[in-house]
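This report concerns only the one structure given below.
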Amino acid sequence: MGSGKSTVGRMLASRLGWPHVDLDELLAARHGPVGEQIRAEGESVFRERERAAVRELCDGVVRVLTPGGGAFCDPVSGPALREGYRTVWLRAPLSTLAERVRGTDRPLFDRAERLLAEREPLYALAERAVDATREPDRIVEELLAMVEEGA
Numbered sequence: 014m015g016s017g018k019s020t021v022g023r024m025l026a027s028r029l030g031w032p033h034v035d036l037d038e039l040l041a042a043r044h045g046p047v048g049e050q051i052r053a054e055g056e057s058v059f060r061e062r063e064r065a066a067v068r069e070l071c072d073g074v075v076r077v078l079t080p081g082g083g084a085f086c087d088p089v090s091g092p093a094l095r096e097g098y099r100t101v102w103l104r105a106p107l108s109t110l111a112e113r114v115r116g117t118d119r120p121l122f123d124r125a126e127r128l129l130a131e132r133e134p135l136y137a138l139a140e141r142a143v144d145a146t147r148e149p150d151r152i153v154e155e156l157l158a159m160v161e162e163g164a
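Quick note on the working numbering: the sequence shown kicks off at 14 and runs consecutively.
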C-alpha cells in the first residue's frame, strides 16, 4: 500500500522487455475495484480470489508480478510467490506510505500501523529489501542489477 510496487513493476518490466501483471489491477478487472470488493464481500472473499489468481500466475512464465502486500503474507499465496518468483520488499516508513495513499480508496490502510507491524516479519522473507523512499528510477536500477547478477 503505497510502496510504489505498481509504478516500479511497470518500469522494471518495460526495461526488461517482460510482461507485467499487477495483481490488484487483475482482480479489479475481473471483480470490480478492490476497495469495493473488500467492503461489499469481505476481505476473506477477496483473499480467496487473490489466491486463485496467484495459483494461475505461478505458471513458470517469465514476468514482473506486483502483488498487493497482503498476498505476500497470505499462508497460501506467500509461499507460492516466494517459490515462483524472485521477491523484493519495497520498504518505506509508515509516514511515507500514508502520504502516498492519501485520497485513494484503500480500506485496509485505516489499520496500516498494525498491519505493517504484523506483516514486516513476512515481508522480511523476501529475497531482498529495497529502500522505497528513493525515486522509482533508482529502485529500478537496483532491481535490474539484481536480475543481472542473479542474486
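Don't be surprised by glycine CBs; every beta carbon is placed ideally from N, CA and C. Since we're looking at a predicted model, the values are computed, not measured.
Own chain residues within Cβ distance below 6 Å of residue i, not counting five before or after
i, result
"alanine 142", "Trp102 and Arg104"
"arginine 95", "none"
"leucine 156", "Leu25"
"alanine 145", "Ser16, Gly17, Leu103, Arg104 and Ala105"
Extent of the continuous beta strand (DSSP E) to which residue i belongs
i, result
"valine 143", "141–144"
"valine 101", "101–104"
Unbroken alpha helix (DSSP H) run spanning residue i, endpoints
i, result
"arginine 43", "36–44"
"leucine 128", "125–136"
"arginine 28", "18–29"
"valine 67", "56–70"
Alpha carbon of residue i to alpha carbon of residue j, nearest angstrom
i, j, result
"alanine 41", "alanine 66", "12 Å"
"alanine 125", "arginine 151", "26 Å"
"glutamate 148", "glutamate 38", "22 Å"
"aspartate 35", "glutamate 63", "11 Å"
"leucine 78", "histidine 33", "6 Å"
"arginine 99", "glutamate 56", "26 Å"
"valine 74", "arginine 23", "17 Å"
"alanine 111", "valine 153", "22 Å"
"leucine 138", "cysteine 86", "10 Å"
"glutamate 161", "leucine 29", "10 Å"
Environment of residue i [buried if 16+ CB atoms lie within 10 Å]
i, result
"alanine 53", "exposed"
"glutamate 69", "exposed"
"glycine 45", "exposed"
"serine 90", "buried"
Cut-off 7 Å between Cβ atoms - residues of its own chain near residue i, not counting five sequence neighbours on either side
i, result
"leucine 107", "Ala125, Glu126 and Leu129"
"glycine 97", "Cys71"
"glutamate 4", "Limits of the chain in this structure are 14 at one end and 164 at the other, which puts residue 4 out of reach."
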